[in-house]
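Okay, so the sequence shown: first residue is 20 according to this note's numbering, each after it adds one.
In what follows, a single structure is set out as structure tokens and then discussed.
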Amino acid sequence: MNVIDKAHELARAIKDSSEVADITSAMRVIEADQESKRMLDNFRQSQIELQQRMMNGEMPPQEEMEKMEKLFEVLNLNLGIRRLFDAERRLSVVIEDVNKIITDSLSQMYGGVQ
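Written out as structure tokens, the structure reads:
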């Protein structure tokens, strides 16, 4: 059994999953609505900037974190964007489950420590 071949097989299975199909479908709906696309793009850009600052050790002020949370809540009122966020969350769970399966399978190498 070639591990790399299995990894490619897993990647294809994820790409062909209903979770990825749901994300693709939701993105088509959003991209057809300029206002939704603009709101989502602005949110994603702010999210990336915030994450980069946090990775650099800068903790943003509480009011900035609250602003992002409120913006997320507002975006969730948009049905297309909420559908995308839900689909992304489901894909994230799948990837976390796969990661846990792989990690658990290797835990025996370290004396059962997980």
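Where a beta carbon is used, it is the ideal one built from N, C-alpha and C, also for glycine.
Three-state class that DSSP yields for residue i in the structure shown
i: ALA45; result: helix
i: ASP24; result: helix
i: SER36; result: coil
i: ALA51; result: coil
i: LYS86; result: helix
i: GLN133; result: At GLN133 the pLDDT is 49, less than 50, meaning the model places this residue with poor confidence and gives no usable figure here.
Unbroken alpha helix (DSSP H) run spanning residue i, endpoints
i: GLY99; result: 98–125
i: GLU77; result: Counting along the chain, GLU77 falls outside any alpha helix (DSSP H), and DSSP gives it neither H nor E.
Buried versus exposed call for residue i [16 or more other C-beta atoms within 10 Å across all chains shown]
i: LEU96; result: exposed
i: ASP24; result: exposed
i: LEU98; result: exposed
i: ILE49; result: buried
i: LEU125; result: exposed
i: ILE42; result: buried
i: GLN133; result: For GLN133, the pLDDT reaches just 49, beneath the cut-off of 50, and the residue's location in the model is therefore unreliable, although a value from the coordinates is still provided. By the neighbour-count rule (16 or more Cβ atoms within 10 Å), GLN133 is not buried but exposed.
Beta-carbon contacts of residue i that lie in its chain and below 6 Å, excluding the five residues immediately before and after
i: ARG102; result: ALA45
Own chain, CB closer than 8 Å to residue i, minus 5 neighbours either side, in chain order
i: LEU94; result: MET58, LEU59, PHE62, ILE100, ARG101 and PHE104
i: GLU38; result: ALA106, ARG109, LEU110 and VAL113
i: GLU83; result: LEU69
i: ASP52; result: GLY99
Cβ shell of residue i (< 7 Å), same chain only, five flanking positions each side left out
i: ARG72; result: PRO79
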